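Taking it in order: structure first as structure tokens, then the write-up.
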Amino acid sequence: MSPGSRPAPPEPDTLAPAPAGGAAPPEPDTGGIGVGRVLAGRYRVVGRVGAGGMATIFKAVDAAMERDVAVKVIHAHLADDPALRERFRTEARHAAALSHPSIVNVFDQGVADLPYIVMELVDGPSLREVLLDRGRLSPAEALAVVEPVCAALARAHAAGVIHRDIKPENVLISPEGVPKVADFGIARAVAATSHTATGTLIGSVHYMAPELVDGRDATPASDQYAVGVLLYELLTGRKPLPADTPMAVALRHAREAVPPPSRAVGGVPKALDRVVARATALKPGRRFPDMGALATALWAAVPGGARPVVAAGPDGRERTLVLPVAAQATMSEASAADLDRRQRPAGGDRPAARPMPASRPG
Numbered sequence: 131m132s133p134g135s136r137p138a139p140p141e142p143d144t145l146a147p148a149p150a151g152g153a154a155p156p157e158p159d160t161g162g163i164g165v166g167r168v169l170a171g172r173y174r175v176v177g178r179v180g181a182g183g184m185a186t187i188f189k190a191v192d193a194a195m196e197r198d199v200a201v202k203v204i205h206a207h208l209a210d211d212p213a214l215r216e217r218f219r220t221e222a223r224h225a226a227a228l229s230h231p232s233i234v235n236v237f238d239q240g241v242a243d244l245p246y247i248v249m250e251l252v253d254g255p256s257l258r259e260v261l262l263d264r265g266r267l268s269p270a271e272a273l274a275v276v277e278p279v280c281a282a283l284a285r286a287h288a289a290g291v292i293h294r295d296i297k298p299e300n301v302l303i304s305p306e307g308v309p310k311v312a313d314f315g316i317a318r319a320v321a322a323t324s325h326t327a328t329g330t331l332i333g334s335v336h337y338m339a340p341e342l343v344d345g346r347d348a349t350p351a352s353d354q355y356a357v358g359v360l361l362y363e364l365l366t367g368r369k370p371l372p373a374d375t376p377m378a379v380a381l382r383h384a385r386e387a388v389p390p391p392s393r394a395v396g397g398v399p400k401a402l403d404r405v406v407a408r409a410t411a412l413k414p415g416r417r418f419p420d421m422g423a424l425a426t427a428l429w430a431a432v433p434g435g436a437r438p439v440v441a442a443g444p445d446g447r448e449r450t451l452v453l454p455v456a457a458q459a460t461m462s463e464a465s466a467a468d469l470d471r472r473q474r475p476a477g478g479d480r481p482a483a484r485p486m487p488a489s490r491p492g
């Protein structure tokens, strides 16, 4: 959740046990980390941004670099496990090594009662907030969001990093209109510990690949499945396989095919139905071979037209920005070059291309 924006309505999304008697869950224990606390002698916490199933996010000021940052503090009940603490540190290091315009940068990590990571502060809405305001996106808008997500995941997968928790809450839109994937490695760190075995926390069930429901390891194909579900939700404004409980949702994803988005709403090309169907195939081997192939199929399914990008306006409300033709070409080439580079052997000398920021309508 971005600073100053309203939270999404609560919805059961994990396999964590519900509070007894239907009571509201208690506020997460952040181990004394809060407004006014200074971490590592340089990160002064100035506000609370929000909380999720695994961590609480604070806004802080980095005195050394004179910039605002986000500090994510792992919840105390998870950090009790020494194995999780170590896995979290490892995953944070891996995430910090990733560099891509559509990946939220990880700057630092530490322990102050509880483990925390220091990240780039993206002062814009999450895709969840965009969907709450917009309902759903057009095919062109969905492409403008999902293509950079594919490029970000291609970079991560080439580095051996699997996200494991792709969902609208973890895709943020910068003020310049650039989608950015957040939270690399956090769900993976939790899943690698005993918490997974006891069913305390497994993941966001609406985007969980069938193989994860069945207890198998996450792979790049698992991230692709989540992107396919994300694409369905962007196009339709709804989740594909709803049920009354998180466990029932997970079982549906393990056994049922994601329906065609065109069955839920009009105006979705049949070619996009086919992209969603393949990306969310029940068997990983039947999905696209990699994120680059998925991105290529997306481009073929939504030909022509301007590429709108959803972003935050100065008043905090979302705006649809239409990129100039030159910017469209630059972003297309940047994503294509990055996806191609991630799939070529190391040693290539092509420089990394950068997407041109969208200009706000005047």
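Count the sequence shown with my numbering and you get residues 131 to 492, in order. Note that beta-carbon positions come from the ideal geometry of N, C-alpha and C, so glycine has one too. Predicted, not measured: the structure shown is a model, and the values here were computed from it.
{"Asked": "Option nearest G161 by Cα separation, candidates G171, P269, L208, R174", "Found": "L208"}
{"Asked": "Euclidean distance between Cα positions of L361 and V165", "Found": "37 Å"}
{"Asked": "Neighbourhood of L244 by C-beta, 7 Å cutoff - its chain only, sequence neighbours within 5 removed", "Found": "T160, G161, I163, V203, I204, A206, A209"}
{"Asked": "Coil, strand or helix - G290 by DSSP", "Found": "coil"}
{"Asked": "Cβ pair R167, V175 closer than 8 Å", "Found": "yes"}
{"Asked": "Identified DSSP bridge partners for K189", "Found": "G177, A200"}
{"Asked": "Start and end residues, alpha helix (DSSP H) containing G422", "Found": "421 to 431"}
{"Asked": "Beta bridge counterpart(s) of L244 as assigned by DSSP", "Found": "A242"}
{"Asked": "Residues that DSSP places opposite S352 in a beta bridge", "Found": "In the DSSP output, where bridge partners are listed per residue, S352 has none listed."}
{"Asked": "Status (buried if at least 16 other CB within 10 Å, exposed otherwise) for D344", "Found": "exposed"}
{"Asked": "Reference H336, options R417, P376, G171, L261, closest by Cα", "Found": "P376"}
{"Asked": "Buried or exposed by the 16-neighbour rule on C-beta atoms within 10 Å, applied to R285", "Found": "buried"}
{"Asked": "Backbone secondary structure at S392 - three-state DSSP", "Found": "helix"}
{"Asked": "Start and end residues, alpha helix (DSSP H) containing V301", "Found": "Element bounds for V301: not the alpha helix (DSSP H) but the beta strand (DSSP E), 301 to 303."}
{"Asked": "Span separating the alpha-carbon of R266 from that of K189", "Found": "29 Å"}
{"Asked": "Boundaries (first-last residue) of the beta strand (DSSP E) holding E309", "Found": "Note on residue identity: the sequence assigns Pro, not Glu, to residue 309. Run containing P309: 309 to 311, per the beta strand (DSSP E) assignment."}
{"Asked": "DSSP-derived helix/strand/coil call for L228", "Found": "coil"}
{"Asked": "One or two residues paired with I233 in a DSSP bridge", "Found": "V311"}
{"Asked": "C-alpha distance - W429 paired with V241, whole-angstrom precision", "Found": "44 Å"}
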